[in-house]
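Numbering-wise, our numbering comes out as the position in the sequence shown, counting from 1, plus 30. Right, one structure below, let's go through it.
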Amino acid sequence: MSGVEPPDHVIGLKRFEQYIFRTQPEGVRSGPGDLDLTVYSLRKWLRGKAGRPELIEKYGFDTKFAMHMVRLGVQGVELLETGRITLPVPEPWLGWLRDLRQGKKTREEALEAAESLEHRLDELVRGASPLPEEPDAGWADAWLVRAYLRAWKMP
């Protein structure tokens with residue numbers, strides 16, 4: 031799916047704040063191969079009308095917003111490929127994101143990176159991810175109890 035709102039919103043026939051796409055009806059839990067997607071309006075950002083005025087004035091777009099947009103895609107791909115998120119973001123993406131934030135990348139480069147990451151996320155969500163179909167809820171619950179007991183300093 032595209033990262034820009036649907037055509038009837040773009041041309042102004044409908045007001046747009048966010049767009050939600052689900053392969054399952056509302057209220058039905060998503061399963062393997064299902065897609066839950068929320069698209070927030072990028073039109074204002076593309077026109078340079080949203081975000082931080084000082085960055086828009088200096089670089090022509092909100093570089094901080096763009097950096098976070100790409101970072102979230104990078105981290106989503108890593109999570110679905112490995113089951114983990116590395117902090118801070120490892121190279122080469124760390125340097126790329128810093129360059130974007132500092133205005134050394136263009137808005138077009140940011141959008142191309144985000145689109146590429148979005149396609150990879152779509153592939154992973156539709157079955158290419160090596161992660162199990164269901165989480166290990168028992169393990170997660172036990173870990174949470176142990177964490178609380180440690181925090182409370184109980185045996």
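Virtual Cβ for every residue (Gly too), placed ideally from N, Cα, C. These numbers were taken from a predicted model, which means no experiment stands behind them.
Asked: Inter-stretch contact at 8 Å, needing at least 3 Cβ pairs: the stretch 124 to 144 / the stretch 152 to 167; Found: no
Asked: R52 in three-state terms, based on DSSP; Found: strand
Asked: Closest Cα partner of E138 within the set V175, V100, G61; Found: V100
Asked: M99 - containing alpha helix (DSSP H), residue span; Found: 93 to 112
Asked: E153 versus G63: straight-line alpha-carbon distance, rounded; Found: 9 Å
Asked: Simplified DSSP state of D64, which is helix, strand or coil; Found: coil
Asked: Cα-Cα separation, A170 to H149; Found: 30 Å
Asked: Expected contact under 8 Å - CB spacing of L85 and T93 to nearest Å; Found: 5 Å
Asked: Proximal residues to L151 (C-beta, below 8 Å), its chain only, five neighbours per side dropped; Found: G103, G106, V107, L110
Asked: Helix, strand or coil at D171 according to DSSP, with G and I counted as helix; Found: helix
Asked: Spatial distance of G57 from H98 (CA atoms); Found: 30 Å
Asked: Buried versus exposed call for L147 [16 or more other C-beta atoms within 10 Å across all chains shown]; Found: buried
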